[in-house]
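Respectively, the protein sequence lines represent chains A and B.
When the count follows our numbering, it moves up by one through the first sequence with no breaks and lands on 482 for the last residue.
When the count follows our numbering, it moves up by one through the second sequence with no breaks and lands on 246 for the last residue.
Read through the structure below, which is laid out as structure tokens, and then see the notes.
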Amino acid sequence: MDRIGAVLQYQWRAYWRRFRRAGTLSTNNLGILVLLGGLFVVRYLQQLPIAASQLAKGETTRYQALLAVVFLAWLFPVLGESRRSITGRGLLHLPFTANDLFLIRVGSAFITPVSWTIVAGSLALCYPVALARHPVTGILALFVFLLLGLFTSLTITHLLNSALARVLILGALVVVSAVAGLLWLENQTEFAATLMSLLPNGLTAAAAMSSTPLSSLAVLAGITAVVAFLALRTFRLTLQPRQNQRSQRFTFLSLIEIPGKFGGLLKKDLRYYSRLLDLYFALPIVLLFNMYLVGDTAPSPIIFFIIVGVLFLPCIALAFNSFGLDRPLGLDRYTLLPLSDQQKLFSKNLAFATIMMVLFVTILPLTFWKLGTRTSLLGLIELIVVWLAYVSCGNWMSVSQPFKMQFYRFASGGSAVDAVMGVIFGSVPAAVTVYLLYNEARASLWKLAALMLIYLAVFMFSLSRSARVLANRREEIRRALW
Amino acid sequence: MIEITGLSKTFGDFVAVHNLNLQVPKGVIFGLLGPNGSGKSTTVKMLTGILQPSAGDALIEGSSILKSPLEIKQKIGVLPEDLALFDSLTIWEHLKLCGPIYGLSRSETDARAEQLLNYLDLWSDRHTFVEQASFGMKKKCGLAMALIHNPKVLFLDEPFEGIDPVASRSIKDLLILMSTRGITILLTSHILEVVERLVSAFAVIVHGEIAVSQTMEETLQAGRSLEEIYFQHVERRAVEDFEWIG
């Protein structure tokens, strides 16, 4: 254990060294982020007495919702980590067993302050459970549930290293979204409630409240044991050398050729961007909206215009931190290429536009079919204006506040406040479109076209200013990407 | 042709390169030698636009690195020390990415890439992702990228490090061919035997300053070897007796 403790100690030291390098609480508005986080925690704590009084009355809705929040929160410290310096593979040459390395992996999940906050928030759930019908089994189930959250996030993180597993996870996400969409369209609330009760948070609540608490606890413990075993097995797979993938590995992108001077860079960025997990939050939205368009006899154009704005939200990290997935060496290659700084930024903007077009590739034809030419044309204009707004803001943020992002992880870093400001700026055209269409349907096409011209001017200005900053801050950007 | 005038680079208080003055005539293979941390790579980085000089300037084929960096990048080929490759692209995709940026058509890019990869014995591995390639393969990929657009001046930072003897020989033959066709080559290397047989002039850089600069002809006429001149200017530690070893 001493040896494991020693590694974790240096893991901890390396994390904080990197963390401190970011600067003081004023850097990237970290202080405000801490404040916002604190407010969220306060809001969460306010829910605990409500959940407690509900549990005392035999009602579990709020408790289950809080459990779901905690479960999802556990996904982020592991799936969003970008500062872990010592990986399992990096320790393979040292005399550790695979189980030792797994313990180090589990221990390293608790290094970040975000993890401590989640642990504290999770343990606070003991308070409402203490008022439940079966407090002992309820608290035991809560601890098992927390372990389940941790092992699930570890398993998913490990699985994301495998191409096949990524496809399977994506398939599962699509199937779950489709089932949820069908249940919603068919108004099957009773069946949905039965399904929900079988989820881990339903079982945890049942261990505190139902007439058979021990059986719920046993099922939950069984699921947790299976997931823990999977976490260990998948971790062992991440330790294996990947020689078999060394050559001739074709991807969809390797089969297509994008013409033009930026074709190669665009293809590279599409491959990079498609590896950021944030993007995949958009898939269920796309799927559900497609199902809505097909299934509803008279879909609302307003919902379409709202969806155009909403679909940008999961993708903001690609616009606001466009160099985040390039390593410092990649940035060096950009420097060596005979491209102006404006061209480099523009190639990033084109890649973002392509990603957005891919998300809309099914929506636009369906809109054309169900809502008519005029609505789909207006939606296309809105899409372009929102893109212009996001990249105008994003170019500036990409060069002034870059941060490292990792493949198959969530984006974590940068200034939350600036991101919120960027989202507000980017969403303005969508809000204006919805307003115009809601109030004065006839004149909106020309007004939207005028809005597009204004945003085009803003984009040109942003591109030129950000390019100058890129030229002057290359070393700082490079350092931020280590 | 490369003309370096008073080139300096400082990082805070640390002077990496100090007042470097050097001329490399057209069509010459020039070796920039020196121990680790002497300032060779920093010099190459300044000449190729990766680093901004703190002072001084350099003309490459008549263009200033300060005034016309984009024009220079179009004319030069670079094999950087750390290769500067994109992790998730294949070797083939790296070359396909470069060609159009340098103004080559798709067919011309394909033809040149195929010829280069065959010559460097990388053709069968062209679909290997760089993150999974061996160091030697990555280096050859970087070299092919430096050559594909037919540069007028070539900067190679440690081109023979991690390369097998056969590929090393092929690269040397190619560099000699390029120099006979008027391409100027500036390379850095630690492998003195290779440099001695390849370059027509060299400079030894120590602590960011040029300790000696001469042609191989001058060296041979003085009856000396490159190694002798190198160790004359670079300190060497005596072997220490590590009692705990063995």
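Backbone N, C-alpha and C fix where the C-beta goes; we use that ideal spot for every residue, glycine too.
For clarity, every value in this text was computed on a predicted model and none was experimentally measured.
Taken in chain order, the complete beta strand (DSSP E) segments of 3 or more residues contained in the segment 58–124 of chain B are 76–79. Here the segment 85–105 of chain A does not lie against the segment 164–172 of chain A, with fewer than 3 beta-carbon pairs under 8 Å apart. It is roughly 28 Å from the alpha-carbon of A/Val420 to the alpha-carbon of A/Val174. A Cβ-Cβ separation of about 5 Å places A/Arg62 in contact with A/Gln54 under the 8 Å criterion. Annotation: A/Ala192 to B/Thr90 spans about 46 Å, alpha carbon to alpha carbon. Judged by beta-carbon spacing, B/Leu79 lies beyond the 8 Å limit of B/Ala167, meaning their Cβ atoms are not closer than that value. Under a criterion of Cβ atoms nearer than 7 Å, the residues of chain B adjacent to A/Pro338 are, in order, Leu70, Lys73, Gln74, Ile101, Tyr102. Chain A has no Cβ within less than 8 Å of the Cβ of B/Ser8. Residue range 184–188 is occupied by the beta strand (DSSP E) that includes B/Thr188.
Using a 10 angstroms sphere on the CB of A/Tyr15, the tally of other CB atoms reaches 16 or more, which defines it as buried. C-alpha of B/Pro159 to C-alpha of B/Glu196: approximately 14 Å in a straight line. Between the C-alpha atoms of B/Lys45 and B/Leu175 there is a straight-line separation of about 20 Å. Counting only runs of at least 3 residues, the segment 316–404 of chain A fully encloses no beta strand (DSSP E) element at all.
In the DSSP annotation of this structure, the continuous segment of the beta strand (DSSP E) that includes B/Glu209 starts and ends at 209–215.
Residue-level contact check: B/Val239 does not touch chain A, since none of the beta carbons of chain A fall below 8 Å from its beta carbon. Contact between the segment 70–78 of chain A and the segment 120–131 of chain A is present: three or more C-beta pairs spanning the two stretches fall below 8 Å. Note on B/Ile60: 16 or more other CB atoms within 10 angstroms of its CB, so buried under the neighbour-count rule. Under DSSP, B/Val17 forms a beta bridge with B/Lys9. Just so you know, the alpha carbons of A/Asn290 and A/Ile355 end up roughly 18 Å apart. Here B/Ile101 is near A/Lys261, since their CB atoms are less than 8 Å apart. DSSP places A/Ile50 within a helical segment (H, G or I) once states are collapsed to three. Across the structure, A/Phe323 and B/Gly103 are spaced so that their CA atoms are roughly 24 Å apart. Short of 8 Å from the beta carbon of A/Ile302, and not among the five residues preceding or following it, lie these beta carbons of its own chain, in chain order: Val434, Leu437, Tyr438.
Using a Cβ distance threshold of 8 Å, A/Val7 and A/Ile104 count as a contacting pair. Using beta-carbon distances, A/Tyr15 does not count as an interface residue toward chain B, since no partner is under 8 Å. Spanning the alpha carbons of A/Ser392 and B/Arg112 requires a straight line of approximately 38 Å. Flagged as an interface residue toward chain B: A/Lys261, by a C-beta distance shorter than 8 Å.
When secondary structure is reduced to three states using DSSP, B/Glu131 falls in the helix class. Among the residues of the segment 318–339 of chain A, those with a Cβ less than 7 Å away from any Cβ of chain B are Arg327, Leu329, Gly330, Asp332, Arg333, Thr335, Leu336, Leu337, Pro338, Leu339, in the order of the chain. Interface annotation, B/Gly49: in contact with chain A, CB-CB separation under 8 Å.
DSSP, reduced to helix, strand and coil, places A/Gln9 within a helical segment of the structure shown. Chain A places no beta carbon closer than 8 Å to that of B/Leu147, leaving this residue out of the contacts. Comparing alpha carbon positions, the residue from A/Val310, A/Phe96, A/Ser197 closest to A/Asp2 is A/Phe96.
Contacts between B/Ser88 and chain A, judged by CB atoms closer than 8 Å, involve Lys268, Arg271, Tyr272, Arg275, Phe407 in chain order. Within chain A, the residues whose beta carbon sits less than 7 Å from that of B/Leu97 are Gly264, Leu265, Lys268, listed in sequence order. Its chain contains Ala208, Pro213 as the residues whose beta carbon lies nearer than 6 Å to that of A/His134, once the 5 sequence neighbours on both sides are disregarded; these appear in chain order.
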